[in-house]
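Heads up, the sequence shown is in numbering that gives the first Met the number 0, so the first residue is 0 and it goes up one at a time. Quick reminder that beta carbons are idealized off the backbone N, C-alpha and C, glycines included. This structure is a prediction, so every number in the text was calculated from the model and none was measured. First comes the structure, then the notes that go with it.
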Amino acid sequence: MRIYCDGNFDLFHAGHLRQLEALKSTADDDDAKLIVGVLSTEDAQGRGHAEGLVWSLDQRTSLLRSLKCVDEVVSPCPAVPTESFLEVHGIDAVYHA
């Protein structure tokens, strides 16, 4: 199973980590993969971060790539995942952070 979760992940904290770990552990499949999408700065600002983000896209992406529970990172990811995006990445389930 391939699980996808997206978000801006600015000022990453323990709650973000717990959520990602929980998503990966919800799959009944021991080979489950967690794919995390990182919104561009522009798309994140469109989701209510009018003042801008503290961390750059590269910083947010690097942090997520370093996590043991994250198998793949899509950066930047689309603001709204399309059917085509899900098919290209073989995604079975979608969650929003």
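Segments of 4+ residues assigned as alpha helix (DSSP H) that fall wholly inside the stretch 51-86: 56-64
Residue 22: first and last residue of the uninterrupted alpha helix (DSSP H) it sits in: 13-25
Member of 37, 80, 69 whose CA lies at the smallest distance from the CA of residue 20: 69
Rounded C-alpha distance that separates residue 51 from residue 42: 10 Å
For residue 5 and residue 95, believed in contact at Cβ under 8 Å, the rounded distance: 6 Å
Length of the line joining the Cα atoms of residue 31 and residue 86: 17 Å
Backbone secondary structure at residue 5 - three-state DSSP: strand
Opposing strand residues paired with residue 92 [DSSP bridges]: 2
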